[in-house]
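Have a look at the structure below before the remarks.
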Amino acid sequence: MVSTKLESALLVAAIATGVIGRPGPRASPANKASPEEFLGSRNLPDGYYVPSYYPAPYGGWVNDWQASYRKAREFVASMSLAEKTNITAGTGIFMGSAPRVGFPQLCFNDGHNGVRQADSVTVFPDGITTGATFDKKLMYQRAVAIGKEARGKGVNVWLGPTVGPIGRKPKGGRNWEGFGADPSLQAIGARETIKGVQEQGVIATIKHFIGNEQEMFRMYNPVQYGYSANIDDRTLHEVYMWPFAEGIHAGVGSVMMAYNAVNGTACSQHPYLINALLKDELGFQGFVQSDWLGHMSGVASAIAGLDMDMPGDTQIPLLGFSYWMYDLTRSALNGSVPMDRLNDMATRVVASWYKMGQDKGFPETNFHTNTKNSEGLLYPAAWPDTPKVVVNKFIPVQADHDEIARQVAQDAITLLKNNGNLLPLKTSQPLKIFGTGAQTNADGPNACADRKCNKGTLGQGWGSGTVDYMYLDDPISGIRARSQDVQFYNTDSFPERIDGPNDADVALVFITSDSGENTYTVENNHGDRDASGLYAWHHGDQLVQDVASKYKNVVVVAHTVGPMILEKWIDLPAVKSVLVAHLPGQEAGQSLADVLFGDVSPNGHLPYSITKKEEDLPESVTKLISTPHINQPQDTYTEGLYIDYRWLNKHNIKPRYAFGHGLSYTNFTYSNASITKVGQMKKTPPTRSSKKGILDYTQDIPEPSEAVMPDGFHKHWRYIYSWLHSSEAKDASADVKKKYPYPSGYSTVQKPGPRAGGGQGGNPTLWDVAYKLSVVVTNAGSKHSGKASVQAYLQFPKNSTYETPVIQLRDFEKTETLAPGESTTVELQLTRKDLSVWDVVLQDWVIPVVDGGYTVWMGGASDDLRISCHVDGMKCKSAATGER
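As numbered in mature numbering (1 follows the signal peptide of the UniProt record, and there is no 0), residues -21 to -1, 1 to 863 make up the sequence shown, in order.
Here you go:
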């Protein structure tokens, strides 16, 4: 059905082999067959390479998936060769299908915050907003609602959640699609999202694997290679793979590869990332798809483990050519792509369809992204060779999802500062509102396609991760509905004439900072915040200073994609209160007003750190690749494990506001903390179980007739088909004696799997609970109810032989609303994996000191840790200042 993930790009063939920062041979260009399969630069830094890993592991050996695989394998066995190749790629705009045997067209739709380019849907808060809630329950409820809307619209594959980028680079264009700059926060957000969406029968897609930490120069084009993210093995496992492992453990149905290269090899044809890590070590059972127009090769990507080419075109999508489809049919007939690989590819797609129950009662797609009208072109890419039919049925799917959207937006609002308890406001106070960010874009909330402008209230970033508004409840509407005295100056420059100001006035200043996908350039920002940096757009910092020079009581409200530098005004005496409302989606108004006027105490927490200056972080994360390179641009992760608060803690740099920071209108105390051992751990996990129940994927090369186009079939221009003409099929079959020049290390013998594997996400015992923690949280205030976020940070033993960050977030839990004086008990846990580090020699997870001097710190932020629990003595106590 309609493939609504579409990005403009001009790409060419890419690298096929390169590095993962652990001992192994460097790949040689001589091993590559042709420009289609190898255009790799050899300017990698020393020590980075990609080990060979073949063949692609079969799926179907995980218990939870075996029933689906049995049905899928039988189904695929009934297909002809052309039908198999057809369901492993899109046909340009539409996903391939096998109608003869009853396999439907599948609708892929961009998400992360809803159903893209559809009618009658909800615009949910973005991922970064959801992460700022630090609330697992809300993360899950948001996902359930998104899954219901996707299903109601007939979306088979929802292209979310996003956990890559992880937020390594503060200026990164799509950080806001993810949940925050920490592996555990991202992992928990991904887990809850996948669970909620897939419970509705919609296949979730965790993306982008891996190293897509900036937008500029991520893609290959005729004159420029996409950048290479050079990541060492331990950093890859402990930071960037961590949320993907959690998502796969949750049973995600699809993984999308990134555009860029990792250690010199394009991700879409990276045998180590796909075959070794995703499918073998992490035991991924679903299908691996390319990002849109990120497919780089034919045979090379197939044997590297890619299962689906989306949307099917080559990198220059003009004439309906493809590296797969008909060419994959030819490659199977001539033996270049083994039939067991093709059977596994097709089976993985069908097994995911069965696993989500889409074979029974799944709604047909009832919307179209190319028109808002009821009727539209059936084959839009083939114009004028196409009939006009009903494509939009305008089925409403919002239900009461505005309530969960509003709750997420509200509970994410983060109070950074509240001097003199200026907030909450009284409805009788005279309010002066400044800044265009307070009101919806005058041209309409959807005036800029894919939100590719920053006008009016900023509810989303821009690009493919956006949803069309049915309405936008903006802040000025929410404020006016509550306040008796409001004067709004819809400008980002301080007016020449104003009434007053008076001492009783409270001035609210709305500022924004935007970013998005590199598909668009917005106010000279090429996706990433390369022009604006970490400062407010539209001279917002100057507006705050100007307002603060006239008014004695100023509240700043920031709608932002990520961290901002606030130093130009944060210490001004008049700036009493600062709120970060993140990206609230359609419910920007009432959610904010409820916090401003005290109906709700703010309970959001920063999902990233706010530094005093950019240079407080290393150049490797602050500097963007911003100019063309003759050779492939290199983005080397020299900071290793130390991103965001991990770097700041290591170098004793005090941020302006720390990761996890968030104030309330009330105060919370922590008491009666305890730590309990649940399971006895050993240094390494138990030996993994062997793969069992793998089906037979072998097959002789089919007869050429299985690839031949039916007589009289009418092809539509620019659409991609898997059939061959009779002469082409016979020629391909006759080429079977010609040996394809496979890369060094290529093998067709299935591997038993690495020691670190054994289940979805890795060795299943990694999720065994080692310790449980309990703490009583009390609302110690006398006026306001509120919610507390208890965050647990792990400090590794000082006698460990492994260098580790000072503290690392491992778990969190949000309380229900507590009235003044009310208490509740919060429970957290640590798993075997939480206690482990990745040993690059052993190639497994290792607990450095079993039952040793681990300390678990609990509190409201990474710099507000109230309780310390010690594993070696199994005791908890109030944390002393400077104890760490």
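Don't be surprised by glycine CBs; every beta carbon is placed ideally from N, CA and C.
If you're wondering where the values come from, they're calculated on a predicted model, not measured in any experiment.
Asked                                                                                                                                                 : Found
With 16 other CB atoms within 10 Å as the buried threshold, where does Trp44 fall?                                                                    : buried
Have a look at Met853 and Ile654 and give me their C-alpha separation to the nearest angstrom.                                                        : 6 Å
From Ala35, Leu23, Gln337, pick the residue whose C-alpha is nearest to that of Thr727; which is it?                                                  : Ala35
Rounded to a whole number of angstroms, what is the C-alpha to C-alpha distance between Asn200 and Tyr238?                                            : 11 Å
In the DSSP output, what is His538 paired with across the bridge?                                                                                     : Thr491
Helix or strand or just coil, what does DSSP make of Thr214?                                                                                          : helix
Can you tell me whether Glu225 is buried or exposed, with buried defined as 16 or more other CB within 10 angstroms of its CB?                        : buried
Going by DSSP, name the residue or residues bridged to Phe467.                                                                                        : Ile412
According to DSSP, what are the bridge partners of Asn397?                                                                                            : Ser556
Going by the DSSP bridge assignment, what does Lys793 pair with across the sheet?                                                                     : Ser768
Give the single residue among Gln248, Val231, Met236 whose Cα lies nearest to the Cα of Gln264.                                                       : Val231
Just to confirm, is the Cβ distance from Glu217 to Trp817 under 9 Å?                                                                                  : yes
Compute the beta-carbon to beta-carbon distance between Val142 and Gly157, rounded to the nearest angstrom, for a pair I have assumed lies under 8 Å. : 5 Å
Would you decide whether Asp550 is buried or exposed? Buried here means 16 or more other CB atoms lie within 10 Å of its CB.                          : exposed
Figure out for me which residue from Asp507, Gly336, Ile125 has the closest Cα to the Cα of Gly175.                                                   : Ile125
DSSP puts Leu809 in a beta bridge; with which residues?                                                                                               : Tyr750
My output table needs one value for Trp221: the three-state DSSP class, helix, strand or coil.                                                        : helix
Assuming Trp303 is part of the alpha helix (DSSP H), what are its boundary residues?                                                                  : Counting along the chain, Trp303 falls outside any alpha helix (DSSP H), and DSSP gives it neither H nor E.
Quick test of your reading: Phe692 and Val329, contact by CB under 8 Å. State the CB separation rounded to the nearest angstrom.                      : With 8 Å as the limit, Phe692 and Val329 do not qualify as a contact, their Cβ atoms being about 24 Å apart.
Just to confirm, are Lys115 and Phe791 a CB contact at a threshold of 9 Å?                                                                            : yes
Taking Ala51 as the reference, which of Ser31, Phe82, Thr365 has the closest Cα?                                                                      : Phe82
Any idea which residues DSSP pairs Asn209 with across the strands?                                                                                    : Thr615
Suppose contacts are defined by Cβ-Cβ distances below 9 Å. Is Trp332 in contact with Ile182 by that definition?                                       : yes
Do you know how far the Cα of Ala283 is from the Cα of Ser47?                                                                                         : 24 Å
Rounded to the nearest angstrom, what separates Asn322 and Trp303 at their Cα positions?                                                              : 15 Å
Per DSSP, Lys656 is paired with what?                                                                                                                 : Tyr750
If you scan the stretch 416 to 478 from start to end, which runs of the alpha helix (DSSP H) of 4 or more residues do you find wholly inside it?      : 454 to 459
Compute the beta-carbon to beta-carbon distance between Trp441 and Asp429, rounded to the nearest angstrom, for a pair I have assumed lies under 8 Å. : 6 Å
Classify Lys856 as helix, strand or coil using the three-state DSSP reduction.                                                                        : strand
Does the stretch 183 to 193 come close enough to the stretch 598 to 615 to have 3 or more Cβ pairs within less than 8 Å?                              : yes
Could you have a look at Leu356 and say whether DSSP puts it in helix, strand or coil?                                                                : strand
What's the gap between the Cα of Asp813 and the Cα of Thr663?                                                                                         : 13 Å
In this structure, how does DSSP classify Ala160 when only helix, strand and coil are distinguished?                                                  : coil
What number of angstroms, rounded off, separates the C-alpha of Leu18 from the C-alpha of His274?                                                     : In this prediction, Leu18 scores a pLDDT of 38, lower than 50, which makes its location untrustworthy; the coordinate-derived value is nonetheless stated afterwards. The alpha-carbon atoms of Leu18 and His274 are separated by roughly 14 Å.
Extract the residue ranges of the beta strand (DSSP E) inside the stretch 236 to 320, only unbroken runs of 3 or more that lie entirely within it.    : 266 to 268
Can you give me the start and stop residues for the alpha helix (DSSP H) that Ala46 sits inside?                                                      : 42 to 56
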